[in-house]
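What follows is a short report on a single structure.
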Amino acid sequence: MLKLDMNLPTRNDFDQIVIDRTPIIDVRAPIEFEKGSFPGAVNLPIMDDQDRKVIGTCYKQVGREAAIAMGFKLVSGDIKQNRIMAWNEELNNHPDSIVMCFRGGMRSKITQGWIHESGIHKPLRLEGGYKAFRNHLINATLPENIPMKPIVLGGNTGVGKTILLKQLANAIDLEGLANHRGSSFGGFITPQPSQIAFENALAYELITQKYLGHKQLILELESRNIGKNMLPAPFLEYMSSAEIVSIVLPIETRVEITWQEYVVEALANYTKTFAESGEINWKSDMRNNLMKIKRKLGGDRLQYVLGLFDHACQSTTLDEHKHWIQYLLTTYYDPMYDYQKSKWSRKEVFEGSPEEALQFFTS
Numbered sequence: 001m002l003k004l005d006m007n008l009p010t011r012n013d014f015d016q017i018v019i020d021r022t023p024i025i026d027v028r029a030p031i032e033f034e035k036g037s038f039p040g041a042v043n044l045p046i047m048d049d050q051d052r053k054v055i056g057t058c059y060k061q062v063g064r065e066a067a068i069a070m071g072f073k074l075v076s077g078d079i080k081q082n083r084i085m086a087w088n089e090e091l092n093n094h095p096d097s098i099v100m101c102f103r104g105g106m107r108s109k110i111t112q113g114w115i116h117e118s119g120i121h122k123p124l125r126l127e128g129g130y131k132a133f134r135n136h137l138i139n140a141t142l143p144e145n146i147p148m149k150p151i152v153l154g155g156n157t158g159v160g161k162t163i164l165l166k167q168l169a170n171a172i173d174l175e176g177l178a179n180h181r182g183s184s185f186g187g188f189i190t191p192q193p194s195q196i197a198f199e200n201a202l203a204y205e206l207i208t209q210k211y212l213g214h215k216q217l218i219l220e221l222e223s224r225n226i227g228k229n230m231l232p233a234p235f236l237e238y239m240s241s242a243e244i245v246s247i248v249l250p251i252e253t254r255v256e257i258t259w260q261e262y263v264v265e266a267l268a269n270y271t272k273t274f275a276e277s278g279e280i281n282w283k284s285d286m287r288n289n290l291m292k293i294k295r296k297l298g299g300d301r302l303q304y305v306l307g308l309f310d311h312a313c314q315s316t317t318l319d320e321h322k323h324w325i326q327y328l329l330t331t332y333y334d335p336m337y338d339y340q341k342s343k344w345s346r347k348e349v350f351e352g353s354p355e356e357a358l359q360f361f362t363s
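Residues in the sequence shown are numbered from 1 upward in steps of one, following the working numbering.
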């Protein structure tokens with residue numbers, strides 16, 4: 001059994017880890033990693049899910065020393081050597097990586113010790129592990145720990161709010177973090193992050209913005225849910241105090257922006273991912289998305305927009321899709337936005353085009 005060196009070096013400068021985007025070797029079991037980890041973390045577990053379960057049962061029934069002995073028995077020989085090789089390979093690619101387990105205890109200490117013994121790398125260990133770092137990030141989303149003044153971007157669907165956000169250094173793209181555009185049509189081919197991973201990514205952005213010294217933080221006006229991800233309640237409270245900058249564009253331009261993103265770019269992504277079946281999968285997903293708004297849209301309007309969509313799919317030009325897009329924008333999304341806007345208690349400080357808003361923010 002390895003005689004652990006309890007004095008191997010650690011790190012607990014959590015903010016600096018965030019700012020530097022320090023890579024993390026997460027040695028927790030895959031089932032733990034899937035629930036949520038940190039940006040830039042890679043899962044190279046010391047034990048797989050089954051071993052973790054067996055050792056946990058042993059710990060409860062027999063005790064700590066027996067569980068540790070069983071752990072060394074399960075992770076030995078070729079298994080141990082393969083794990084060490086994987087850790088060293090990751091450290092070859094990212095020499096500044098730090099080692100992390102749940103509480104900064106046995107798993108990361110053993111991992112660190114074995115890597116040190118191999119004589120190739122001398123990684124640091126995350127003090128307090130996942131739990132301490134996670135608590136630090138939760139605190140970063142509390143209003144009292146966010147010094148920047150919040151400003152939210154409002155505007156009808158299709159005015160290019162996300163495009164504008166990406167041009168601003170002092171902005172956080174919440175939909176980008178959630179990998180979802182917030183509406184029934186907002187999903188991407190790739191899945192959304194777990195709730196914990198989403199919250200951790202948000203905290204990373206908040207800490208980074210704080211470090212950069214910006215006085216204002218620009219966000220898109222969102223409801224609590226962005227797809228399956230939810231904004232933390234304290235962060236929603238922070239956003240509730242924000243003033244609003246409203247983006248306006250003519251309907252023709254909004255249709256063009258929406259068509260480019262949801263038809264042209266989406267079809268290209270589907271084709272890249274699914275090859276010959278890409279177009280079929282895209283059509284199926286779009287029809288399913290339309291069905292999601294059946295209750296709010298109403299049966300007659302749903303059938304009408306489905307007819308426009310089917311006609312466009314049979315056309316030789318993608319431009320035909322602009323008809324059902326304009327219909328949805330003007331008869332569904334615009335009235336819904338107008339209703340929500342009528343309930344605002346926020347102060348609107350500016351209204352204009354994306355170009356005018358960019359000048360407003362940067363002047």
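All C-beta atoms, glycine included, are put in the ideal place defined by N, C-alpha and C.
Buried or exposed for P191, going by 16 or more other Cβ atoms inside 10 Å? exposed
So, is D96 buried or exposed, given that buried needs 16 or more other C-beta atoms within 10 angstroms? exposed
Going by DSSP, name the residue or residues bridged to V245. L153, F350
Taking 8 Å as the limit between beta carbons, can you name the residues of its chain near W324, skipping five residues before and five after? V305, L308, F309, A312
So, helix, strand or coil for Q216, using DSSP? strand
Counterpart residues of T10 in DSSP-defined beta bridges: R125
Would you mind stating whether A242 and P150 have Cβ atoms separated by less than 8 Å? yes
Based on DSSP bridge pairs, tell me the residues matched to A41. I24
Identity of the residues DSSP links to H180 by a beta bridge: G187
Given N145, which residues of its chain have a CB within under 7 Å of its CB, disregarding the five upstream and five downstream residues? N139
CA-CA distance, K343 and D51? 54 Å
Could you check whether F188 and N200 sit closer than 8 Å to each other, using their CB atoms as the reference points? no
One or two residues paired with I98 in a DSSP bridge: I24, L124
Could you say if the region 48 to 67 and the region 114 to 130 meet the contact criterion of at least three C-beta pairs nearer than 8 Å? no
Across which residues does DSSP place I226 in a beta bridge pair? N229
Distance CB(D13)-CB(M100) smaller than 8 Å: no
Report all residues from its chain with a CB closer than 7 Å to the CB of W282; omit the five preceding and five following residues, and keep chain order. A266, L267, Y270
In terms of alpha-carbon separation, which member of I98, N92, M106, S284 lies closest to I55? M106
Short check: CB of S108 to CB of L126, under 8 Å? yes
Look up A29 in the DSSP assignment and say whether it is helix, strand or coil. coil
Starting from the Cα of E256, find the closest Cα among I226, L329, N93, A203 and give me that residue. L329
In its own chain, which residues sit with a C-beta less than 6 Å from the C-beta of A41, not counting the 5 before and 5 after it? I24, D26
Per DSSP, which residues does A171 bridge with? Please list them. I218
Three-state secondary structure assigned by DSSP to G36: coil
Counting along the chain, where does the alpha helix (DSSP H) carrying I146 start and finish? Taken as a continuous stretch (DSSP letters only), I146 belongs to no alpha helix (DSSP H), as it is neither H nor E.
For L44, collect the residues of the same chain with a Cβ closer than 8 Å to its Cβ; drop the 5 residues on either side in sequence, then sort them by chain order. I25, D26, V27, R83, A86, W87, E90
Excluding the 5 residues flanking S353 on each side, which residues of the same chain have their C-beta closer than 8 Å to its C-beta? I247, V248, L249
At least three beta-carbon pairs within less than 8 Å, the region 289 to 304 to the region 229 to 245: no
Y130 in three-state terms, based on DSSP: helix
When we look at the beta-carbon of R64 and count the other beta-carbons within 10 Å, is it buried (16 or more) or exposed? exposed
Every unbroken alpha helix (DSSP H) inside the region 52 to 82 [4 residues or more]: 64 to 74
Using three-state DSSP, classify R295 as helix, strand or coil. helix
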